[in-house]
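Numbering (the working numbering) for the sequence shown: 747 to 1319.
C-beta atoms are modelled at their ideal positions from N, C-alpha and C, and glycine is treated no differently.
A quick note: this is a predicted structure, and the numbers were derived from the prediction, not measured.
In what follows, a single structure is set out as structure tokens and then discussed.
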Amino acid sequence: MSVVKFDKRLKSILLKRGKVPEDALNDCLRQAEASGGTLTQFLLEKNAIKEVDLLTTLSEETNIPPIDVVKLTPDEGLTQLLPENLANYYGVIPIAKVGNLMTLAVSNPFDILKLDDIQIVTGCDIRPVLSTDVSIKKAIPEIYNRGEKMVQELIDDMKTPEMELKENQEDVKQVNADDADDADAAPVVKLVNLIIVQGIKSKASDIHIEPFEKVLRVRYRYDGVLHEAISPPKKMANTISSRLKIMAGLDIAEKRKPQDGKFQMKIDGRQIDFRVSSLPTVYGEKVVMRILDSSNLTLKLESLGFEPKALQDVQTAILQPYGMFLVTGPTGSGKSTTLYSAIREVMTPEENIVTVEDPVEYQLDGVNQVQVSVKRGLTFATALRAILRQDPDTVLIGEIRDTETAEIAVKAALTGHLVLSTLHTNDAPSTVTRMVDMGVDPFLVASSTNCVAAQRLGRKLCQECKKKSEVIPPKEGLLKLGFKEEDFDQELVLYEPGGCPRCEKGYKGRFAILETMPVSEPIKRVIVDGGSALDIRKHALDAGMITLRRAGLLNVLKGKSSLEEVLRATVGD
């Protein structure tokens, strides 16, 4: 239905109900036709009728409820389902969506063809609610640019800390996000500073900046879980990625290949390292920043939350004069922190400790750290050969990735050096078979390895708001999950997350879940005989190994974590 037809129909309704005098209606209609405006616009401008009365009259005539669109905050997904250009073209605003039913604010409820078009575009059934064209036109920019305004408000309200950017580990320059005359004070620079500062404040380990078809999403990973944060305007995706690539010394013209870089910042006197990775996706470059804040690094084994037996196994292994201590687990499971803590445990002025890492995550005083650089030909294997000519006592290898590195590490462990390293396997027993699969002789693996540990990180319950579980699963079910008969000698008390201002949905902080397997004589014989991971696991369990699941459940019994969290972080035995 055209605007002219709607105006005439609206005039008829208002006359019939006696809401506006005929002379005033005719006058407003003539002005609307002459100027290309609408009858509603001139009625409201001349105060011929109040907007609420106009909507009430139309609602009574059409049996469609009215709504005040000015006070609305539609879900962001809805504004993406019906973009701003279409909302302007049709003169509508998406309000809510339940299932496949979309509530839509319209000014002309009689235009069935328009509603049919929107139904085809969105794929939703339409439920109209009434507003006026004046209010809809006013509300569309507010609603569709709300994300941009919120970001700008956050930037304006941000208390800028003292920030120094050390680009590519070379020149340091001052970054002042409040200096409007400085080139570095462009909106994108302020926004990137805001994203970084919020990540530091939330103690995030990673910042994800992800472009999608219609939105740009920023997420922080803290306590091992990703949480959505601000959503900058999609149009800033390229400038944000370019700014981060400049900071990390990457090629901003290269958008088709993944790139890796790094930069360093001083924020309020704290030196923080960032590892930057860019990845081309369908809708642009995804950028992930790993935050390496040495002030958050715990360097005491006792403070990592290991079970007493696991702690004793680790300390026994690293206090040996030679041999290998291996830590295994997925990325982000705390392996590096455990190895750094082990280094601190054995470090003395009489010891020569050298590490080879890719990258060097934290700089340790008194430790010689080598950064792997494949471009310069400095691989783990070549660095290890050189290190072994440097008279080391303890060698930390960031990761055993290939056969050559594994063989050198084993030989180093057999010739009087303490070797600490990591692998990517699921549990402690399978680490041994992984080394054998890489081509290392089983006899050498058995002779060189002191202890293998598998590690995961679990979220701690907030001690301020945790609450007792009202429903305890049946005993049979708990036994299948990994509980033992001895756990039921006393009343079983389980806790679950609550939720308070001090925590994130009932959790605050993380603790290490460790499975340790000292390589005893029986296990060495199984390895030499070519036993499988299952055979090794059986002997380790007979020797009293506490599995990852069991270590997690022991923390559940202590009230440190929830059963749900431990089941999320570990697999069954």
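Residue interval of the beta strand (DSSP E) (run including residue i)
i: Lys980; result: Careful: Lys980 lies outside any beta strand (DSSP E) and carries neither H nor E.
i: Tyr1068; result: Premise fails: Tyr1068 is in no beta strand (DSSP E) and is neither H nor E.
i: Thr849; result: Leu847 to Val852
i: Gly1051; result: Gly1051 -> no beta strand (DSSP E), and no H or E assigned at all.
i: Gln1109; result: Where Gln1109 is concerned, there is no enclosing beta strand (DSSP E), given that its DSSP letter is neither H nor E.
i: Leu1045; result: Unbroken run through Leu1045: none, as it is neither H nor E.
i: Phe1009; result: Gln1005 to Ile1013
i: Met1035; result: Gly1030 to Asp1039
i: Asn1196; result: Thr1195 to Leu1207
i: Pro840; result: Val838 to Val844
Rounded separation between residue i and residue j - CA only
i: Thr825; j: Asn834; result: 12 Å
i: Glu1222; j: Val943; result: 48 Å
i: Arg1036; j: Asp857; result: 53 Å
i: Lys1001; j: Arg1021; result: 18 Å
i: Ala1289; j: Met1263; result: 9 Å
i: Glu959; j: Pro1105; result: 33 Å
i: Asp963; j: Glu806; result: Per the sequence presented here, residue 963 reads as Arg, with Asp not at that position. In a straight line, the C-alpha of Arg963 is about 43 Å away from that of Glu806.
i: His1170; j: Pro812; result: 60 Å
i: Met1181; j: Gln1017; result: 37 Å
i: Ser1023; j: Phe1009; result: 11 Å
i: Ala926; j: Met982; result: Here the model assigns Ala926 a pLDDT of 34, short of 50, so the residue's position is not dependable and the matter cannot be decided.
i: Ala1297; j: Arg1283; result: 16 Å
i: Ala1127; j: Ile1143; result: 10 Å
i: Ala770; j: Ser881; result: 21 Å
i: Arg1314; j: Asn1301; result: 14 Å
i: Val875; j: Gly782; result: 25 Å
i: Val1165; j: Val1092; result: 12 Å
i: Asp862; j: Cys870; result: 10 Å
i: Gly764; j: Asn809; result: 18 Å
i: Glu1096; j: Lys947; result: 39 Å
i: Ala885; j: Val815; result: 7 Å
i: Pro1188; j: Lys1213; result: 49 Å
i: Pro855; j: Leu804; result: 9 Å
i: Glu956; j: Glu974; result: 11 Å
i: Gln1117; j: Pro979; result: 38 Å
Cut-off 6 Å between Cβ atoms - residues of its own chain near residue i, not counting five sequence neighbours on either side
i: Thr1168; result: Val1073, Lys1081 and Glu1145
i: Ala842; result: Thr849
i: Leu1025; result: Pro1004 and Lys1032
i: Leu996; result: Gln1005 and Gly1007
i: Ser732; result: Only positions 747 to 1319 of the chain appear in this structure, which leaves residue 732 out of reach.
i: Gly1277; result: none
i: Gly837; result: Ser853, Asp879 and Ile882
i: Ser1215; result: Leu1240 and Glu1242
For residue i, the three-state DSSP class (helix, strand or coil)
i: Leu1169; result: strand
i: Val1239; result: coil
i: Leu756; result: helix
i: Ala975; result: coil
i: Thr1101; result: strand
i: Met993; result: helix
i: Ala1258; result: strand
i: Ala923; result: Summary for Ala923: the model assigns pLDDT 38, below 50, so the residue's position carries little reliability; its value from the coordinates is reported in the next sentence. In this structure, Ala923 counts as coil in the three-state DSSP scheme.
i: Ile889; result: helix
i: Asp1019; result: strand
i: Ala1289; result: coil
i: Val875; result: strand
i: Pro812; result: strand
i: Glu830; result: helix
Neighbourhood of residue i by C-beta distance below 7 Å, restricted to the same chain and skipping five residues each side
i: Asn984; result: Gly1030
i: Lys792; result: Cys774
i: Leu785; result: Asp753, Leu756, Lys757, Cys774, Leu775 and Ala778
i: Ala1152; result: Ile1146, Met1181, Met1184 and Val1186
i: Pro1175; result: Met1263, Ala1279, Ile1282, Arg1283 and Ala1286
i: Leu1294; result: Asp1173, Ala1200, Arg1202, Ile1259, Glu1261 and Thr1316
i: Gln1115; result: Thr1101, Glu1103, Val1106 and Gln1109
Span of the alpha helix (DSSP H), counted from its first residue to its last, around residue i
i: Met1093; result: From DSSP, Met1093 is part of no alpha helix (DSSP H); its letter is neither H nor E.
i: Glu1150; result: Thr1149 to Leu1160
i: Gln944; result: Pro933 to Lys947
i: Gly1298; result: Leu1294 to Leu1303
i: Cys1249; result: Careful: Cys1249 lies outside any alpha helix (DSSP H) and carries neither H nor E.
i: Val1141; result: First-last for Val1141: Thr1140 to Ile1143, but that is the beta strand (DSSP E), not the alpha helix (DSSP H).
Nonlocal neighbours in the same chain, by C-beta distance under 8 Å from residue i, ignoring five residues either side
i: Val938; result: Ile986, Arg989, Leu990 and Met993
Validate contact between the segment 1141-1161 and the segment 1190-1202 using beta carbons, cut 8 Å, 3 pairs: yes
Stretch-stretch touch, CB-based, cutoff 8 Å, three pairs: the segment 1249-1268 with the segment 968-987: yes
Stretch-stretch touch, CB-based, cutoff 8 Å, three pairs: the segment 1216-1236 with the segment 1262-1274: no
Inter-stretch contact (C-beta, 8 Å, three-pair minimum) for the segment 1097-1116 and the segment 1049-1069: no
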